[in-house]
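Novice: Residues 22 to 502, numbered by this note's numbering, are exactly what the sequence shown covers, in order. The C-beta atom is built at its ideal place from N, Cα and C for all residues, glycine as well. Just so you know, these numbers come straight off a predicted model, no measurement behind them.
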Amino acid sequence: MKNILFLASEAVPFIKTGGLADVVGSLPKTIDHEYYDCRVMIPKYLCIPWDWREKMEYVTHFYMDYLGQSRYVGVMSYRYEGVLYYFIDNESYFSGDRPYGDWLWDLEKFCFFCYAALSALPLLNFHPDLIHCHDWQTSLAPVLLKDRFAGGEFFRSIKSVLTIHNLKFQGIWDIKTIKRLTQLSDYYFTPDKLEYKKDANLLKGGIVYADAITTVSESYAKEIMMPFYGEGLDGLLRARAWDTRGIVNGIDYEEWNPETDPCLYRNYVQRNFRKEKPRNKRALQEDWGLAVDPGCFMIGMVSRLTDQKGLDLVQCIMDELCQDAIQFVVLGSGEEKYENMFRYYDWKYHDKVSAQIYYSEEASHRIYAACDACLMPSLFEPCGLSQLIALRYGTVPIVRETGGLRDTVEPYNEYEDRGTGFSFQNYNAHEMLAAIRYAERIYYDHKRDWNKIVDRGMQKDFSWRSSALKYQELYDWLIGY
Ligand code: ADP
Ligand code: GLC
């Protein structure tokens, strides 16, 4: 039996701000439990709903010296769907109504988390062979494993993997501050280690010190080795190319199953989507005050509203698009400029556009079921889960050919009768509009062909099965067979 510990800042169903939580909450349960004991450790945020917090069981607590003070570290646990979750408790760090907010405070919070997590391990009766870290929040751990924790017998053999879900966020601050928060010596603050453009960079530390690096699609793994997508770390990533691989994300096929999904107005399968999807669409139109017309081409977006998601392209063509026979529904929250943009178009074209500016699991399920197409024109996209969910729900993705979107959506080819979606290459609003209009034309004028695209998409398998095997291979390679 090999012991694996996931160290992360969020996990479904406890706390989620993006796709990272979906991955951390669904990959461990797919890892083969016969050969791997895979557990997960996250902070015990006060914003985890009470329903979950009240179920957690006390495991242990201790006091740890951090930044010159003795700090409380509690460990709670809860077994969910066969996976044991640990929660690191410290109310002064993990209070607040969101997991992240203030950059400087977040840096301290997650440096503390990495220290607390590693310090707790010897008390848990669980010796990980490998710690699988995710994004900048936990990338101090691979550094600590080679430094502060390297001496003792317990930690010596522990390997580490760092998965990059989004290279945009790196945990950067001035060297003096990071040196204080990480409690690392001067040795680490040189350009080949944590120093980065005169500042210090936590993610960079993880990339330098982890035994292997993964990212969440093959294309993104190649892209980040180039300056355009490399966010200043492309050189380092090229240097570590041999230890870096892209493993595409899956989605939880139990949670995302149109046949059994309790959130839907009508459940459906591949055999009857032609009849049942329009019923879901009609119900959504009624609920959200759109013109009731189940035959109208409905485009959906379920997304964080940030620059990454290509929303400036959408803004550029929204008036033009709304001259067509379409409806547009968006569910998301984020940057105010985009929230207001969608509110404005909702006001201007109220029977065609519906802007739902909030976070709701239930509403997201209903959109995936109701829409004909799902738009993802991202500037960059490490993997993207929305398009995978859309495919499973018979909703045709319209995407920009980047990162995981490129790897998971096969562009429609009308001559060879192939493909599962529509795509465009350049970050250009009218190129995107042309792709949307091409989709409209197939939907309205060639319905049989459209339905075949849906069929092909629904047949694809984006469950975790094959990707979990790739992670297991990686674990075996690092730990030894
Ligand atoms: P990212 O992680 O960059 O935000 P992904 O496509 O990988 O993008 O994952 C986003 C996940 O969050 C998807 O499961 C999507 O359905 C969900 N999501 C995004 N915004 C909302 C929202 N406002 N309400 C409900 N779910 C949302
Ligand atoms: C990040 C990326 C997204 C990816 C998710 C899970 O949030 O933006 O593309 O799907 O992580 O790996």
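Is residue 26 helix, strand or coil when you go by DSSP?
Specialist: Locating residue 26 in the sequence shown gives position 5, counting from the first residue. Here residue 26 sits in strand by DSSP.
Novice: Just to confirm my understanding: we take residue 213, look at its own chain, exclude 5 residues before and 5 after, and list those with CB closer than 8 Å. What are they?
Specialist: Taking the first residue of the sequence shown as 1, we reach residue 213 at position 192. 229, listed in sequence order.
Novice: So residue 273 and residue 47 are supposed to be a Cβ contact under 8 Å. How far apart are they, rounded?
Specialist: As a first step, residue 273 must be located in the sequence shown, where it is residue number 252. As a first step, residue 47 must be located in the sequence shown, where it is residue number 26. About 4 Å; that satisfies the 8 Å criterion.
Novice: Cα separation between residue 116 and residue 73?
Specialist: Here the question's residue 116 lines up with position 95 in the sequence shown. Here the question's residue 73 lines up with position 52 in the sequence shown. Taking the straight line joining both Cα atoms gives about 15 Å.
Novice: Is any non-hydrogen atom of ligand 4 found closer than 6 Å to the C-beta of residue 44, if you look at the structure I gave you?
Specialist: What this structure holds is ligand 1 and ligand 2, not ligand 4.
Novice: What did DSSP end up calling residue 153 once you bin it into helix, strand or coil?
Specialist: Here residue 153 corresponds to residue number 132 of the sequence shown, with the count starting at 1. If DSSP states are grouped into helix, strand and coil, residue 153 belongs with the strands.
Novice: Starting from the Cα of residue 487, find the closest Cα among 161, 270, 56 and 165 and give me that residue.
Specialist: Here residue 487 is taken as the residue at index 466 of the sequence shown, counted from 1. For residue 487, the nearest C-alpha among the options comes from 270.
Novice: Do residue 258 and residue 161 have their beta-carbon atoms positioned less than 7 Å apart in this structure?
Specialist: As a first step, residue 161 is located in the sequence shown; it is residue number 140 there, counting from the start. As a first step, residue 258 is located in the sequence shown; it is residue number 237 there, counting from the start. Going by C-beta atoms, residue 161 is not nearer than 7 Å to residue 258.
Novice: Going by DSSP in three states, residue 247 sits in which element: helix, strand or coil?
Specialist: Position 226 of the sequence shown, counting from 1, holds the residue named residue 247. Note: residue 247 maps to coil in three-state DSSP.
Novice: Within the continuous beta strand (DSSP E) that includes residue 364, where are the two ends?
Specialist: Taking the first residue of the sequence shown as 1, we reach residue 364 at position 343. From DSSP, residue 364 is part of no beta strand (DSSP E) but of the alpha helix (DSSP H) over 357 to 369.
Novice: Hey, residue 181 and residue 154 are a contact pair by Cβ (cut 8 Å); roughly how many whole angstroms apart?
Specialist: Here residue 181 corresponds to residue number 160 of the sequence shown, with the count starting at 1. Here residue 154 corresponds to residue number 133 of the sequence shown, with the count starting at 1. About 6 Å separates the two Cβ atoms, so the contact holds.
Novice: DSSP has residue 181 in a bridge; who is on the other side?
Specialist: Reading the sequence shown from its first residue, position 160 is the one you call residue 181. Its beta-bridge partners are 152.
Novice: Quick check on the DSSP output: what are the complete beta strand (DSSP E) runs of length 3 or more inside the stretch 386 to 435, in order along the chain?
Specialist: Entirely contained in the stretch 386 to 435, the beta strand (DSSP E) runs reaching 3 residues are, in chain order, 394 to 397 and 417 to 421.
Novice: Taking DSSP as the reference, what is the three-state secondary structure of residue 294?
Specialist: Position 273 of the sequence shown holds residue 294. Looking at residue 294 - three-state DSSP - the assignment turns out to be helix.
Novice: Residue ranges of each alpha helix (DSSP H) run of no fewer than 4 residues wholly in the stretch 50 to 80, ordered along the chain?
Specialist: If we require 4 residues or more, the alpha helix (DSSP H) runs fully inside the stretch 50 to 80 come out as 71 to 74.
Novice: Quick one: grab the DSSP three-state call for residue 352.
Specialist: Translated into positions along the sequence shown, residue 352 becomes position 331. Residue state, collapsed to three classes: strand.
Novice: Are the stretch 262 to 269 and the stretch 366 to 383 touching by the rule of at least three beta carbon pairs closer than 8 Å?
Specialist: Not touching, per the Cβ criterion.
Novice: So within the stretch 89 to 166, which uninterrupted alpha helix (DSSP H) runs reach at least 4 residues, ignoring any that extend past its ends?
Specialist: The stretch 89 to 166 contains these whole alpha helix (DSSP H) runs: 124 to 141.
Novice: Measuring from the CB of residue 323, is there a heavy atom of ligand 1 at a distance below 6 Å?
Specialist: Numbered from its first residue, the sequence shown carries residue 323 at position 302. Yes, Cβ of residue 323 sits closer than 6 Å to a heavy atom of ligand 1.
Novice: So, with DSSP's three-state summary, where would you put residue 276?
Specialist: Locating residue 276 in the sequence shown gives position 255, counting from the first residue. Coil, per DSSP.
Novice: Note down, in chain order, each residue of its chain lying with its Cβ closer than 6 Å to the Cβ of residue 287, except the 5 sequence neighbours on either side.
Specialist: By 1-based counting over the sequence shown, the position of residue 287 is 266. Here the set comprises 297, 300 and 301.
Novice: Going by C-alpha to C-alpha distance, which of 335, 401, 477 and 437 sits closest to residue 249?
Specialist: For this step, residue 249 is matched to residue 228 along the sequence shown. The shortest Cα separation from residue 249 among 335, 401, 477 and 437 belongs to 401.
Novice: Does ligand 1 have a heavy atom nearer than 6 Å to the CB of residue 502?
Specialist: Here the question's residue 502 lines up with position 481 in the sequence shown. Residue 502: no, Cβ never under 6 Å from ligand 1.
Novice: Using CA coordinates, which residue listed in 242, 183 and 140 is at the minimum distance from residue 507?
Specialist: What is shown of the chain runs 22 to 502, which leaves residue 507 out entirely.
Novice: Return yes when at least one heavy atom of ligand 1 lies under 6 Å from the C-beta of residue 406, else no.
Specialist: By one-based count along the sequence shown, residue 406 stands at place 385. Yes; taking the cut-off as 6 Å, the Cβ of residue 406 has a heavy atom of ligand 1 nearer than that.
Novice: Any chance the CB of residue 434 is under 6 Å from a heavy atom of ligand 2?
Specialist: In the sequence shown, the residue the question calls residue 434 occupies position 413. Checking the Cβ of residue 434 against ligand 2 gives no.
Novice: The beta strand (DSSP E) that contains residue 220, what's its start and end?
Specialist: Residue numbering aside, residue 220 sits at position 199 when the sequence shown is read from its first letter. Note, residue 220: beta strand (DSSP E), 220 to 222.
Novice: Measuring alpha carbon to alpha carbon, tell me which of 414, 276 and 417 ends up nearest residue 33.
Specialist: Position 12 of the sequence shown holds residue 33. Residue 33 has its Cα closest to that of 276, out of 414, 276 and 417.
Novice: For the pair the stretch 182 to 200 and the stretch 391 to 406, tell me if three or more CB-CB distances fall below 8 Å.
Specialist: Judged by Cβ distances under 8 Å, the stretch 182 to 200 makes contact with the stretch 391 to 406, as three or more pairs qualify.
Novice: Compare the Cα-Cα distances from residue 436 to each of 465, 470 and 150 and report the closest residue.
Specialist: Residue numbering aside, residue 436 sits at position 415 when the sequence shown is read from its first letter. Ranking the options by Cα distance to residue 436, first place goes to 470.
Novice: Whose C-beta lies closer than 6 Å to the C-beta of residue 321 among residues of the same chain, with five residues either side of it excluded?
Specialist: The residue you call residue 321 lines up with position 300 of the sequence shown. Within the same chain, residue 321 has close Cβ partners 350, 388, 392 and 395.
Novice: Going by C-alpha distance, which of 70, 203, 147 and 39 is nearest residue 60?
Specialist: The residue you call residue 60 lines up with position 39 of the sequence shown. For the residues 70, 203, 147 and 39, the minimum Cα distance to residue 60 belongs to 147.
Novice: Expressed to the nearest angstrom, what Euclidean distance is found between the alpha-carbon atoms of residue 245 and residue 425?
Specialist: In the sequence shown, the residue the question calls residue 245 occupies position 224. In the sequence shown, the residue the question calls residue 425 occupies position 404. Each residue's Cα considered, the two are about 12 Å apart.
Novice: Could you give the DSSP three-state label for residue 335: helix, strand or coil?
Specialist: Numbered from its first residue, the sequence shown carries residue 335 at position 314. The answer is helix: DSSP assigns residue 335 an H, G or I state.
Novice: State the CB to CB distance for the pair residue 227 and residue 323, rounded to an integer number of angstroms; the pair is presumed to be in contact (CB under 8 Å).
Specialist: Taking the first residue of the sequence shown as 1, we reach residue 227 at position 206. Taking the first residue of the sequence shown as 1, we reach residue 323 at position 302. Not confirmed; about 29 Å, so no contact.
Novice: Residue 82 by DSSP, collapsed to three states: which one?
Specialist: For this step, residue 82 is matched to residue 61 along the sequence shown. Residue 82: strand per DSSP, three-state reduction.
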